[in-house]
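K.L.:
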Amino acid sequence: GLNFYNGLINELIKNKIEPIVTIYHFDLPLNLQKEYGGWKSRKIVKDFQRYCHVLFTNFGDRVKYWLTINEQSNMFALPYLLKYKDEVLDEKIKFQMNHHMMLANAVAIKLAHKMLPNAKIGPAIRVITILSGNHRNQLMF
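Under the numbering used here, residues 2 to 142 are what the sequence shown spells out, in order.
Right under this line is the structure:
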């Protein structure tokens, strides 16, 4: 995987395209999910930090812009889209997973600031229009 993304980043730069890396985009390794429940376990924070270290070490010399976690709230607001099992719909578990993602986001940003002082890093938040029952046929900005 590292060779593929090194080549991709180099090709982007060669073609004058600024690379932006999304660290997590709903692609948790299955073994972490099976081993300890993925985002349900606080263990994920340390694994996410190690993963970020690998990315920053291998790509940080060429990548300035980083997105830590893509649209985190989708994992909890729209679980049916991600085909979670019913247990994840439990509010306590959703908040626990969200908390672990926020911790992972924080350690990623802290590590980036330490390893890549000139990097720009933060989460990609979900932006979606929500209409009230009285305004379903109107777009509101």
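Just so you know, even glycine gets a beta-carbon here, dropped at the ideal spot from N, CA and C.
Just so it is clear, the structure is predicted and the values come from calculations on it, not from any experiment.
1) For the beta strand (DSSP E) holding I94, just list the boundary residues, first then last.
2) Would you give the residue range spanned by the alpha helix (DSSP H) that L68 belongs to?
3) The beta strand (DSSP E) with I45 in it runs from where to where?
4) So the alpha helix (DSSP H) G8 belongs to, where does it begin and stop?
5) Please identify the residue among I126, R127, A125, K121 whose C-alpha is closest to the C-alpha of E19.
6) Could you name the residues that DSSP lists as bridge partners for K121?
7) Below 8 angstroms between beta carbons: does that hold for T58 and I110?
8) Let's test the definition: count the other Cβ atoms within 10 Å of the Cβ of H101 and tell me whether it reaches 16, buried, or not, exposed.
9) Starting from I24, follow the beta strand (DSSP E) in both directions and report where the run begins and ends.
10) Which of helix, strand or coil does DSSP assign to G38?
11) Should L56 go down as buried or exposed, given a rule of 16 or more other Cβ atoms within 10 Å for buried?
12) Would a C-beta distance cut-off of 8 angstroms place V64 and A105 closer than the cut-off?
P.N.:
In terms of the structure at hand:
1) Looking up residue 94 in the sequence shown gives position 93. No beta strand (DSSP E) contains I94, which is instead part of the alpha helix (DSSP H) from 92-116.
2) Position 67 of the sequence shown, counted from the start, is the residue given in the question as residue 68. Looking at the DSSP string, L68 is not in any alpha helix (DSSP H); the run it does join, the beta strand (DSSP E), is 66-71.
3) The sequence position of residue 45 within the sequence shown is 44, counting from 1. Careful: I45 lies outside any beta strand (DSSP E), inside the alpha helix (DSSP H) at 44-60.
4) Counting from one through the sequence shown, the residue named residue 8 turns up at place 7. Residues 3-15.
5) Taking the first residue of the sequence shown as position 1, residue 19 is located at position 18. Ranking I126, R127, A125, K121 by Cα distance to E19 puts K121 first.
6) Translated into the one-based positions of the sequence shown, residue 121 becomes position 120. Paired residues: Y66.
7) Within the sequence shown, the letter at position 57 stands for residue 58. Within the sequence shown, the letter at position 109 stands for residue 110. It is not a contact, given that the beta carbons lie outside the stated cut-off.
8) Translated into positions along the sequence shown, residue 101 becomes position 100. Counting Cβ neighbours within 10 Å, H101 comes out buried, since at least 16 surround it.
9) As a working note, residue 24 is residue 23 in the sequence shown. Its beta strand (DSSP E) spans residues 21-25.
10) The residue you call residue 38 lines up with position 37 of the sequence shown. DSSP places G38 in coil when its eight states are reduced to three.
11) Position 55 of the sequence shown holds residue 56. By the neighbour-count rule (16 or more Cβ atoms within 10 Å), L56 is buried.
12) Here residue 64 corresponds to residue number 63 of the sequence shown, with the count starting at 1. Here residue 105 corresponds to residue number 104 of the sequence shown, with the count starting at 1. The answer is no: Cβ separation not under 8 angstroms.
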